[in-house]
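The opening position of the sequence shown corresponds to residue 65 in the numbering used here, with each subsequent residue numbered one higher.
Input: a single structure, listed below in structure tokens.
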Amino acid sequence: MRARWIEGTCAALLLLGCAGDDGDTDASETHASTAGTSAGTTDSSAGATDPSTVSATEPATDPTTAGATDSTSAGSTDSTSASGTDATDPSSATETSETSQATEDPTDATTTGVGDCDVSDVLSQADWDEMFLHKDDPACSGVVYTYQGLLDAAEGYPLFACEGGAEVRAREVAAFLAQISHETTGGWPQAPDGPYAWGLCFIEEVGCENNACPQYCDANNMQYPCAPGKTYHGRGAIQLSWNYNYGQAGDALGVDILANPELVASDSALALQTALWFWMTEQLPKPSAHDVMVGNWTPTPQDESMGRVPGFGMTTNIVNGGLECGMPTPPAVADRVGFFMRYADLLAIDPGENLYCDQMAPYL
Numbered sequence: 065m066r067a068r069w070i071e072g073t074c075a076a077l078l079l080l081g082c083a084g085d086d087g088d089t090d091a092s093e094t095h096a097s098t099a100g101t102s103a104g105t106t107d108s109s110a111g112a113t114d115p116s117t118v119s120a121t122e123p124a125t126d127p128t129t130a131g132a133t134d135s136t137s138a139g140s141t142d143s144t145s146a147s148g149t150d151a152t153d154p155s156s157a158t159e160t161s162e163t164s165q166a167t168e169d170p171t172d173a174t175t176t177g178v179g180d181c182d183v184s185d186v187l188s189q190a191d192w193d194e195m196f197l198h199k200d201d202p203a204c205s206g207v208v209y210t211y212q213g214l215l216d217a218a219e220g221y222p223l224f225a226c227e228g229g230a231e232v233r234a235r236e237v238a239a240f241l242a243q244i245s246h247e248t249t250g251g252w253p254q255a256p257d258g259p260y261a262w263g264l265c266f267i268e269e270v271g272c273e274n275n276a277c278p279q280y281c282d283a284n285n286m287q288y289p290c291a292p293g294k295t296y297h298g299r300g301a302i303q304l305s306w307n308y309n310y311g312q313a314g315d316a317l318g319v320d321i322l323a324n325p326e327l328v329a330s331d332s333a334l335a336l337q338t339a340l341w342f343w344m345t346e347q348l349p350k351p352s353a354h355d356v357m358v359g360n361w362t363p364t365p366q367d368e369s370m371g372r373v374p375g376f377g378m379t380t381n382i383v384n385g386g387l388e389c390g391m392p393t394p395p396a397v398a399d400r401v402g403f404f405m406r407y408a409d410l411l412a413i414d415p416g417e418n419l420y421c422d423q424m425a426p427y428l
């Protein structure tokens with residue numbers, strides 16, 4: 065997810081600025097191999113609009129090709145960029161989006177409000193361990209991602225996994241984890257335990273370690289200038305990329321990651337909170353993925369005419385629709401859905417409808 069964002073002030077939340085990449089460009093993603101080198105990262109610069117950075121492709125096909133380009137995430141150039149992978153400048157949006165009050169799943173009689181719930185209510189340490197069987201393998205670099213890190217990150221976003229009944233909340237968690245798993249996957253079709261057991265394999269864009277990728281610096285952005293000696297390649301669960309995205313995310317989270325971008329790849333909570341920043345933030349004209357999954361979003365007539373309907377597929381449209389939606393289902397979408405279905409099964413929930421986005425027009 066490395067899409068570049070259009071600079072400017074976002075109408076929704078100051079933190080997002082412009083999340084919604086128009087014109088993402090598919091970036092090859094690499095997967096973990098038994099060789100022990102981390103392959104690929106999905107540049108996810110929250111809401112960037114540069115097509116040169118979006119992650120979404122097929123899972124690696126050979127465990128011996130760590131760093132191969134056939135990966136579906138982590139370390140790929142998925143131009144959706146962390147925290148706003150398919151970003152669009154809200155100030156120039158030509159489409160409109162509307163939201164409605166949260167609607168409860170009719171099958172969920174019990175609802176929860178902010179203050180009396182926690183991610184741990186629907187996702188246990190055991191669930192986490194079963195989902196991410198290989199993140200700590202020698203071929204991966206996902207040891208930074210931890211269950212406690214997710215709980216700590218969620219404290220900054222109290223509505224995450226805290227709106228709706230138990231099934232709605234668990235479904236949102238499964239959807240969020242599925243999307244970041246695709247962005248950081250180290251799996252391949254014949255991988256041990258299957259390709260969907262390799263999420264959160266990579267913490268940093270492969271090949272960009274030790275400040276080796278200076279190209280993710282927009283020298284024309286005066287609001288968030290690149291710090292001397294620092295690089296802004298994909299890092300963290302959403303593969304945050306580009307200096308202006310680090311700047312916007314840092315403003316929102318209260319951490320100066322523009323001056324210290326390496327923190328996103330070394331701090332467990334921050335590695336996951338940058339992803340939550342993208343997930344929870346509206347990117348006009350796109351709704352937030354959170355609102356889609358909990359029933360807060362009502363499609364406008366224009367959305368409906370373009371096939372945009374609530375469901376996991378809509379979150380993919382938000383993340384990387386420019387490269388993956390409105391077309392025959394590409395391997396990247398199948399990979400995202402594969403992770404989601406596995407996690408929904410582990411949490412014993414119904415995944416819901418509209419899992420794919422082939423009939424949805426991407427946002428322009």
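Even for Gly, the Cβ is constructed at its ideal location relative to N, Cα and C.
Buried/exposed call for residue i, threshold 16 Cβ in 10 Å
| i | result |
| --- | --- |
| Gln212 | exposed |
| Ser332 | buried |
| Ser188 | exposed |
| Asn309 | buried |
| Leu336 | buried |
| Asp180 | exposed |
| Pro292 | exposed |
| Glu236 | buried |
Coarse secondary structure for residue i, derived from DSSP in three states
| i | result |
| --- | --- |
| Arg299 | strand |
| Trp262 | coil |
| Gly429 | Look at the range of the chain in this structure, 65 to 428, and you will see that residue 429 is not part of it. |
| Glu268 | strand |
| Trp361 | strand |
| Tyr209 | coil |
| Glu194 | helix |
| Glu247 | helix |
| Ile413 | coil |
| Leu428 | coil |
| Pro325 | helix |
| Ala283 | coil |
| Val186 | coil |
| Met405 | helix |
Strand pairing of residue i, partner residues [DSSP]
| i | result |
| --- | --- |
| Leu304 | Arg299 |
| Gln347 | Lys350 |
Between the CA atoms of residue j and residue i - distance to the nearest angstrom
| i | j | result |
| --- | --- | --- |
| Pro256 | Gln366 | 44 angstroms |
| Arg400 | Pro289 | 34 angstroms |
| Arg406 | Arg372 | 24 angstroms |
| Cys281 | Ala339 | 20 angstroms |
| Asn384 | Ala190 | 30 angstroms |
| Asn285 | Gly390 | 32 angstroms |
| Trp341 | Leu387 | 22 angstroms |
| Ile302 | Ile413 | 24 angstroms |
| Gly225 | Phe376 | Residue identity check: residue 225 is Ala in the sequence provided, not Gly. Straight-line Cα distance between these residues: approximately 15 angstroms. |
| Ser305 | Glu346 | 19 angstroms |
Presumed contact (8 angstroms Cβ cut-off) between residue i and residue j, rounded CB distance
| i | j | result |
| --- | --- | --- |
| Leu419 | Ala234 | About 16 angstroms; that fails the 8 angstroms criterion. |
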